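K.L.:
Mind looking over this structure? Questions follow.
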Amino acid sequence: MKIIIVAVLIVSALFAGCLSEKNTVSKKDIIFDIEPSSIKIKNGETKQIKVRVNNSGESGIYAVIRFNINSSDKPYLKFNPENYSIGSLRPGEDSGFKIVDIRANLAAGEEVIYKARAQVIHDGRVLENKDIVITVVR
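Residue numbering for the sequence shown follows full-length UniProt numbering, beginning at 1 and increasing consecutively.
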């Protein structure tokens, strides 16, 4: 009987770390940079931004970057790639800067300002987001 109790205690001690919520990733564990966060593009031209994710937490993440824009702005604003996987980042690992092309067209007038949001997604949750202001001129 004592052997069974000791075995149960050892097994429960081994699995206690697996069952705890210690491995969840929080927003403070992610450093998300976009350079520049505000750009000016001539009508029909393409410019580039740099996107970087740093995992400063204690557990690994599998990050995906997604760019969200207003549905009425989609015909005039194209991100290439529109979303992409950074891959698996171990604790303390940096993705390095990834280049994203933005092509913008003027809807009407002399100048239009579009707003987009870049998001870091892990496990179906948005961990961090940044706004991008895109000014398109004739």
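All C-beta atoms in this analysis are idealised placements derived from N, C-alpha and C, irrespective of residue type, glycine included.
Please read all numbers here as calculations on a predicted model, not as lab measurements.
Over the uninterrupted beta strand (DSSP E) stretch that includes R117, give me the two end residues.
P.N.:
As a working note, residue 117 is residue 117 in the sequence shown. Run containing R117: 111-122, per the beta strand (DSSP E) assignment.
K.L.:
Sort N43, S88, E111 by Cα distance to I121 and report the nearest one.
P.N.:
As a working note, residue 121 is residue 121 in the sequence shown. From the listed residues N43, S88, E111, the smallest Cα separation to I121 is found for S88.
K.L.:
Determine the contact status of A63 and I30, defining contact as a CB-CB distance below 9 Å.
P.N.:
For the purposes of this step, residue 63 is identified with residue 63 of the sequence shown, where counting begins at 1. For the purposes of this step, residue 30 is identified with residue 30 of the sequence shown, where counting begins at 1. The answer is yes: Cβ separation under 9 Å.
K.L.:
Is it the case that the segment 67-79 contacts the segment 92-99, given that we only count it when at least three CB pairs across the two stretches are under 8 Å?
P.N.:
With the cut-off at 8 Å, the segment 92-99 and the segment 67-79 do not touch.
K.L.:
Apart from the five residues just before and just after I41, which ones in its own chain have a Cβ nearer than 6 Å to its Cβ?
P.N.:
Position 41 of the sequence shown holds residue 41. If we look at I41 and ignore the five residues flanking it on each side, its Cβ neighbours are K47, A104, V136.
K.L.:
To the nearest angstrom, how far is the alpha carbon of R125 from that of K2?
P.N.:
Numbered from 1 along the sequence shown, position 125 holds the residue referred to as residue 125. Numbered from 1 along the sequence shown, position 2 holds the residue referred to as residue 2. One C-alpha to the other measures close to 45 Å.
K.L.:
Assuming I113 and I39 form a contact by the criterion Cβ under 8 Å, report the distance between their Cβ atoms to the nearest whole angstrom.
P.N.:
Within the sequence shown, the letter at position 113 stands for residue 113. Within the sequence shown, the letter at position 39 stands for residue 39. That belief does not hold up - the Cβ atoms of I113 and I39 are roughly 11 Å apart, past 8 Å.
K.L.:
Pop quiz: V51 and I34 are said to be a contact at Cβ under 8 Å. What is the actual Cβ separation, rounded to whole angstroms?
P.N.:
In the sequence shown, counting from the first residue as 1, residue 51 sits at position 51. In the sequence shown, counting from the first residue as 1, residue 34 sits at position 34. Sure, about 6 Å apart at Cβ, within 8 Å.
K.L.:
Where in the segment 32-98 do unbroken runs of the beta strand (DSSP E), each at least 3 residues long, occur, reported from the N-terminal end onward?
P.N.:
38-42, 46-55, 61-69, 77-80, 83-89
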